[in-house]
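Residue numbers (mature numbering (1 follows the signal peptide of the UniProt record, and there is no 0)): -24 to -1, 1 to 232.
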């Protein structure tokens, strides 16, 4: 569990959301179709080696918003601990010009993916697209900060500017820690957690925040709230891990 500086908690009052987006597929008919399905529908394909024995992750970042090496290394470790990919996991990073679309709504995100994604499933290799944006989400609720969104079955957007702005606040965790926690959390949604395509083995879905875990301290908790009754998720440099209930769900569909 990760705790924030008490002084920081007293002066900041907002809801810090690590993902709540589960956009549905456009139902395309071209060769990209296997990668443009509903969020969580490819959990078993991402976890097991039954269909795909390797994974190719394309990390595209707006110029100036490259994720830290530490975050990428932590992200790789998370994937290797949960998946069976005997032919390996590749993570390729490359920069792109700003999309100039911030704040991003659902259509903006899909447009950026269409413009920048180059990798799709080929043979026994499954492809994933992750975009580090130089902007923020078009929020529907006040006092909410969204760090990332998993959308479709192999697509994630991370709001790089939001993470940098937040990490610069007094008492906030390092940027690398927030980036890694966001990447791991969002990939958990691609795995189908919680109840997003992967049926829970036990009842642990947060009924007030669908698609998230009710177990305290789990990586798949919905939010960190400052000010009133803080939900402690990050302590020092420790990145939250999956609790037993979520791990059990992943193992039930072919994960570790």
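Where is the CB? At the ideal position from N, CA and C, for every residue including glycine.
- In the three-state scheme derived from DSSP, where H, G and I count as helix and E and B as strand, residue 162 is classed as helix.
- In this chain, the alpha helix (DSSP H) harbouring residue 22 covers 19 to 23.
- Under the DSSP assignment, residue 142 falls in the alpha helix (DSSP H) whose first and last residues are 136 to 143.
- Rounded to the nearest whole angstrom, the CA to CA distance from residue 173 to residue 120 is 26 Å.
- Rounded to the nearest whole angstrom, the CA to CA distance from residue 35 to residue 64 is 16 Å.
- Per DSSP, residue 224 is one residue of the alpha helix (DSSP H) stretching across 220 to 228.
- Around the beta-carbon of residue 27, fewer than 16 other beta-carbon atoms lie within 10 Å, marking it exposed.
- The C-alpha of residue 136 is placed about 21 Å away from the C-alpha of residue 55.
- Residue 97 and residue 12 have their C-alpha atoms roughly 11 Å apart.
- Measuring C-alpha to C-alpha distances from residue 20 to each of 145, 175, 161 identifies 175 as the nearest.
- Taken through DSSP and simplified to helix, strand or coil, residue 108 comes out as strand.
- Counted as a single uninterrupted DSSP element, the beta strand (DSSP E) harbouring residue 34 occupies residues 30 to 38.
- According to the DSSP assignment, residue 53 belongs to the alpha helix (DSSP H) that extends over 45 to 58.
- In this structure, the beta-carbon distance from residue 133 to residue 156 does not fall below 8 Å.
- A Cβ-Cβ contact shorter than 8 Å links residue 24 with residue 231.
- Nearest to residue 125 by C-alpha distance, out of 58, 70, 160, is 160.
- Excluding five sequence positions before and after residue 228, the CB atoms of its chain that fall closer than 6 Å to its own CB belong to 177, given in chain order.
- Distances from the alpha-carbon of residue 78 to those of 87, 18, 71 put 87 closest.
- Remark: C-beta atoms of residue 104 and residue 130 approach each other more closely than 8 Å.
- Taking the Cα of residue 47 as reference, the smallest distance to any Cα among 198, 149, 188 is reached at 149.
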